[in-house]
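In our numbering, the protein residues as written are 460 to 1016.
Here it is as structure tokens:
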């Protein structure tokens, strides 16, 4: 909910051709970045042991820095270093607003890069007659697969399928924030499109370029950046240590259709009666439809930021009284607040459940900060005992970890002093939680707090997950300034979420961590097929509806 916001001032950019940073300055800045990883990055040992990447061995990286030809090489090496962590929450970002786009989007459907939206204001059909569903074969002589392979280092997401899909999006939309040499493209792109009748057609499309690129920095200060946290509305300062640990939101852009959107990526079935989602201020998309004599509820949670819990309660009350089962859609959900996840789950869990916990990297400043916050809370707000208890538990965990030299805490509850959570009830103690069968839709763009939501549903056997393996963004990120001279920024995962029970998968050893592992669906359903693209997800909707019907009947007394 309270995610880090990076503000970039563009008042001091060096002009192209200005002097470059010295080698010593580049080395100093890279060492600063590596030091941030060493001190603040929670999955350091996890990446070393499972991915075989030792981020503390920086000698090869420094050799590359010494051979760097210009400042953009420094940025390129810094991006690649953080990308080697293969972490959806972590990234290195350049101080620039430069973007170039071609006016259409692509994604990977059944192994092919297909066009899935076209801006017809920019690309009128008379001049560019290609259509949604056509395949993008190449750009400027390089095949789409070659470009994906080249761009994956800019989109490492912890899940190889997610990484490749986001890399595909960069073929037609270049962001210098993550691609240091994005501004070096020409004015036009020559593309080859394979139409659905099998014919190939060539087109020349102008890149639309916006923003200010960074090209060189000079030996003095470069462009100004500042990584700050968004202000907490009406929130006392002493809550800051708690809010930081609740933040589970992907920091990067994901140029994927429907990512974080209110409406589902698919069209609802015939006869669907919509409740929420049509109004300008509606946050959720919800409604009901009939299937095989059963009435099925549907609600989409587009993200876990700024959730109106009261509106969710209203929908759950209606569904409890008027449906036989409920589909909860968290596909393409970028995350948000871990505590929002728990508040919403209280309306889906009719029995007590275990809340979320995480291991936290602790520095002296963390110890000092939480003690200061605890003292302020006791002095200024003694009535809020729950907050004081959370800060006390955090202070104890931080101090014991730091003074014993452990690096990371033992699992610490995220949203309360303890782990037990109760289902939602009204003021008279009456149950408000949904008691009937549920099914949750997930995919490889369900991330961060979305990973957490799916894990808690699965860990408590509340209902099947249908879709694809989630991203595996299993921690809380924080933004940092990186480099005195280059003035870039880095997001790093400072915690590791711990599941209720260890999970063993083909790719990873048994582990309680969400990081990289993600959450595996109980029912595998892949939306990313050409049939679903062309038919607005008709086959996908039929498949999850069938699964929902079977689940309802299996649960019937």
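Ideal Cβ positions, reconstructed from N, Cα and C, are used throughout, including at glycine.
Scanning its chain for C-beta atoms nearer than 6 Å, with the 5 sequence neighbours on each side dropped, one finds around residue 562 the residues 578, 581 and 582, in chain order. For residue 740, the number of other beta carbons within 10 angstroms of its own is below 16, and it is reported as exposed.
If you look at residue 616, you'll find it isn't in any alpha helix (DSSP H); DSSP assigns it neither H nor E.
Look at residue 559 here: in three-state DSSP terms it is strand. Unbroken beta strand (DSSP E) stretches of 3 residues or longer found wholly inside the region 946-983: 947-952, 954-962 and 970-972, given in chain order.
As a beta-bridge residue in DSSP terms, residue 899 pairs with 787 and 924. In the structure shown, the three-state DSSP call for residue 880 is strand.
For residue 761, the CB contacts under 7 Å within the same chain, skipping 5 residues up- and downstream, are 719, 720, 721 and 792 in chain order. Excluding five sequence positions before and after residue 850, the CB atoms of its chain that fall closer than 8 Å to its own CB belong to 697, 700, 701, 829, 832, 833 and 836, given in chain order.
Of all C-beta pairs linking the region 932-943 to the region 703-710, three or more are shorter than 8 Å, placing the two stretches in contact. Residue pairing for residue 634: DSSP places it in a beta bridge opposite 558. Distance from the Cα of residue 539 is smallest, within the candidate group 506, 485, 601 and 610, for 610. Relative to residue 883, the option among 772, 589, 662 and 724 whose CA is nearest is 772.
For the pair residue 650 and residue 661, the Cα-to-Cα distance works out to about 6 Å.
The region 798-807 makes no contact with the region 937-946: fewer than 3 CB pairs, one atom from each, lie closer than 8 Å. The C-alpha of residue 798 is placed about 15 Å away from the C-alpha of residue 769. With respect to the C-alpha of residue 639, the residue from 535, 867 and 497 having the closest C-alpha is 535. The straight-line gap separating the alpha-carbon atoms of residue 993 and residue 922 is approximately 30 Å.
In the three-state scheme derived from DSSP, where H, G and I count as helix and E and B as strand, residue 660 is classed as strand. In the three-state reduction of the DSSP assignment, residue 743 falls in the coil class, being assigned neither a helical nor a strand state.
Boundaries of the alpha helix (DSSP H) harbouring residue 856: 844-862, taken from the DSSP string. For residue 817, DSSP records a beta bridge to 871 and 956. Counting C-beta atoms within 10 angstroms of its own C-beta, residue 894 has fewer than 16 neighbours from the protein chains shown and is therefore classed as exposed. Under the three-state reduction of DSSP output, residue 939 falls in the strand class. The three-state reading of DSSP puts residue 796 in strand, counting E and B together.
With fewer than 16 other Cβ atoms inside 10 Å of its own Cβ, residue 824 counts as exposed. In this structure, residue 912 places its C-beta atom within 7 Å of the C-beta atom of residue 800. Nearest in C-alpha terms to residue 748, of all of 489, 1001 and 491, is 1001.
CA-CA distance, residue 855 to residue 617, rounds to 32 Å. Counting along the chain, the unbroken alpha helix (DSSP H) around residue 771 starts and ends at 768-781.
Of the residues 998, 924, 819 and 916, the one whose Cα lies closest to the Cα of residue 951 is 819.
DSSP places residue 699 inside the alpha helix (DSSP H), whose first and last residues are 699-705. The C-beta distance from residue 969 to residue 978 rounds to 15 Å, too long to meet the 8 Å contact threshold. A distance below 8 Å between beta-carbons, with the five flanking residues on each side excluded, links residue 867 to the following residues of its chain, in chain order: 501, 818, 819, 820, 821, 860 and 955. CA-to-CA, the gap between residue 601 and residue 607 works out to about 10 Å. When secondary structure is reduced to three states using DSSP, residue 604 falls in the helix class.
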